[in-house]
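First the structure, in the form of structure tokens, and then the observations on it.
In my numbering, the protein residues as written are 7 to 660.
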């Protein structure tokens, strides 16, 4: 293909290469030699020695064409392949406008014989030259010039107005201008502007990671529904994963071409359930299949990836006081652990007359995250079991039994109350007791213990998780985890003066010297009571006997010796299943002569089977509503009081 000047198209490209690579001077010298030859007569004789270099380098147009044809046959390939940028519509329109403008310039100037050379010599409209300089290596030159061929059309027959340096400078300016043009630079003034460059293909799908600690109990598909994963990934572009599983990959939700509205209507943070599973599976009775069991390993790993749960166990002798503490936060929600526990078990001896009011206060303090799984009473012995509301489906039926240790069974101030149930595959037994009082009645207290373990008839309907390790004469052997707490009434075998001196010497709760005289510690070391039980280390002051409303021990005429009467002990069928985290008292509550004592535990939970009587999510709904309503009312009153304090002014008269 030939140009209007008679040169092949590929020759034009090679010529522009030569111009940019330093051959511009040689070409101008050849043109000057041609002009000198015409002045000399055009005889074609060889030049004389000593003539200027501009006169010696004289080439005929035919020779120049032949030379260019030779160069076009063996083009030099680029060193590295480079991707060429496709010209946009604005660039193409600018090139057409450039050709039209240069054509007008060549028509208005009669001395011009070529539009390209003239356009390089005159001050024609061009893009700004703030872009990068043209590359120096041949490869970059070829790429830069090839991207703008219309601006560098050169004709060998054209007349040059400037020298070789001016021509190279103009070529460099044009290259730099096109470099800025290709980078999105616009024209100044009323010149055309490039539109915003849009991607040639759609962007890849964006990944949204919705994993968080607050959703650790949701969004996992059971293994018997694994085919749903492939179906959902194919149709909806979503890979479901457990947000509570320790093997979480963080896939989250992938948004493909499916609209956001349809994704919201199809999925939630809960586990997707197929319609045929809803028809066939009963979640109240569970499934006997190992992979789909409600109490099985997969469900347990979803809620407890490390299979450890937190349990709060507390005991308090309320001394029958009608007045309840104003605030129970320091008792039930101590500030030392950062997180609340999964289960709260509170035992009371000599409880307040209004048991229902006490339970409402507990619900009000624990808030809407917890529900009352079960509560029981034996005279003035109360026990309440609260559990996180999303865990009630994994509990068996709750059973309880009582034992009276008094000679007259109608007087129910001393005795024991036990509550038992199975959580997943681990059976629990909680016992609260009030043993015989008196400094010297150690044997009577041991008799109370023996009567309790023999007469407490548990479990009843819920099967034993390991009957081969059970004993019919000891109720504590029929459960995996046992917690026994209450007012055991064991005292310190020391006089009041000695105990006071030890307490005064160790104000920083170093009570190791006091425990040497503790009756319960010595009896447990002999194995005469609480066989197989353990107790966490004691680092708090004796919980009995205080003056009501004060921090001082008994100042009455009886001068009772301070003692560790309120205790929490535990045992397990399996070694290291129970780990004591904290064991302390609550000195803030002073409405009784006893201080509440509590313990925090980490308990290992094992998977189970669904062939047991399940509680089916039962809890005390009326208590829950009353407690939450009171909690909201209390918060509103507190905010109103703060508002009144800020708006009121206090005047003082001196």
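Heads up, the beta-carbon is just placed ideally off N, CA and C, and yes, glycines get one too.
Cβ neighbour criterion (16 or more within 10 Å) applied to residue i
i           : result
residue 500 : buried
residue 127 : Model confidence at residue 127 stands at a pLDDT of 43, short of 50, so the residue's coordinates are unreliable; what they give is reported in the following sentence. With 16 or more other Cβ atoms within 10 Å, it is buried.
residue 437 : buried
residue 562 : exposed
residue 580 : exposed
residue 492 : buried
residue 204 : exposed
residue 370 : buried
residue 387 : buried
residue 299 : buried
residue 413 : exposed
residue 302 : buried
residue 241 : Only weak support is given to the placement of residue 241: the predicted model assigns it a pLDDT of 46, under 50, and the question is left unresolved by the model.
residue 616 : buried
residue 420 : buried
residue 439 : buried
Given residue i as reference, the closest of the options once Cα atoms are compared
i           : options            : result
residue 422 : 431, 434, 441, 435 : 441
residue 485 : 458, 521, 432      : 432
residue 309 : 613, 535, 502, 326 : 613
residue 638 : 372, 299, 461, 477 : 372
residue 365 : 397, 343, 331      : 331
residue 458 : 626, 595, 490      : 490
residue 472 : 544, 447, 567, 428 : 428
residue 335 : 634, 594, 576, 616 : 594
residue 478 : 455, 460, 467      : 460
residue 518 : 544, 468, 281      : 544
residue 497 : 447, 285, 360      : 447
residue 575 : 318, 210, 209, 653 : 318
residue 360 : 352, 391, 327      : 327
Span separating the alpha-carbon of residue i from that of residue j
i           : j           : result
residue 629 : residue 367 : 10 Å
residue 320 : residue 648 : 33 Å
residue 651 : residue 312 : 48 Å
residue 539 : residue 603 : 18 Å
residue 560 : residue 631 : 41 Å
residue 304 : residue 621 : 20 Å
residue 346 : residue 618 : 29 Å
residue 564 : residue 551 : 11 Å
residue 488 : residue 578 : 6 Å
residue 307 : residue 344 : 22 Å
residue 623 : residue 395 : 9 Å
residue 384 : residue 418 : 7 Å
residue 375 : residue 397 : 10 Å
residue 567 : residue 445 : 9 Å
residue 333 : residue 467 : 38 Å
residue 206 : residue 280 : 40 Å
residue 504 : residue 495 : 20 Å
residue 362 : residue 588 : 29 Å
residue 633 : residue 210 : 51 Å
residue 537 : residue 285 : 50 Å
residue 462 : residue 474 : 19 Å
Neighbourhood of residue i by C-beta distance below 7 Å, restricted to the same chain and skipping five residues each side
i           : result
residue 610 : 313, 314, 583
residue 586 : 542, 605, 607
residue 382 : 389, 406, 423, 425
residue 549 : 570, 571, 572, 591, 600, 601, 603
residue 625 : 377, 378, 379, 398
residue 535 : 452, 455, 529
Neighbourhood of residue i by C-beta distance below 6 Å, restricted to the same chain and skipping five residues each side
i           : result
residue 393 : 349, 379
residue 324 : 354, 356, 357, 358, 598
residue 426 : 405, 435, 464, 465
residue 329 : 597
residue 476 : 470, 483, 484
residue 322 : 354, 602
residue 351 : 319, 391, 436
residue 263 : Bear in mind that the predicted position of residue 263 carries a pLDDT of just 41, short of 50, making it unreliable; the figure below should be weighed with that in mind. Closer than 6 Å at Cβ, skipping near neighbours: no residue.
heavy atom of the ligand PLP below 6 Å from residue i C-beta
i           : result
residue 534 : What this structure holds is no ligand at all, so the ligand PLP is not there to describe.
Own chain partners of residue i with C-beta closer than 8 Å, once the 5 adjacent residues on each side are dropped
i           : result
residue 636 : 366, 370
- Message: Measuring CB atoms only, is the stretch 332-349 touching the stretch 405-415, in the sense that at least three cross pairs come out at less than 8 Å?
- Response: The stretch 332-349 is not in contact with the stretch 405-415.
- Message: Pairs of beta-carbons, one from the stretch 635-645 and one from the stretch 515-526, closer than 8 Å: are there three or more?
- Response: Inter-segment contact for the stretch 635-645 and the stretch 515-526 is absent: fewer than three beta-carbon pairs are separated by less than 8 Å.
- Message: Below 8 Å, how does it come out for the stretch 541-555 and the stretch 471-490: are there three or more Cβ pairs, yes or no?
- Response: The stretch 541-555 makes no contact with the stretch 471-490: fewer than 3 CB pairs, one atom from each, lie closer than 8 Å.
- Report yes or no: do three or more beta-carbon pairs, one from the stretch 527-535 and one from the stretch 501-511, lie closer than 8 Å? In short, these stretches do not touch, since the Cβ pair count stays below three.
- Are at least three pairs of beta-carbons, each pair with one atom in the stretch 447-460 and one in the stretch 396-404, less than 8 Å apart? No, the stretch 447-460 is not in contact with the stretch 396-404.
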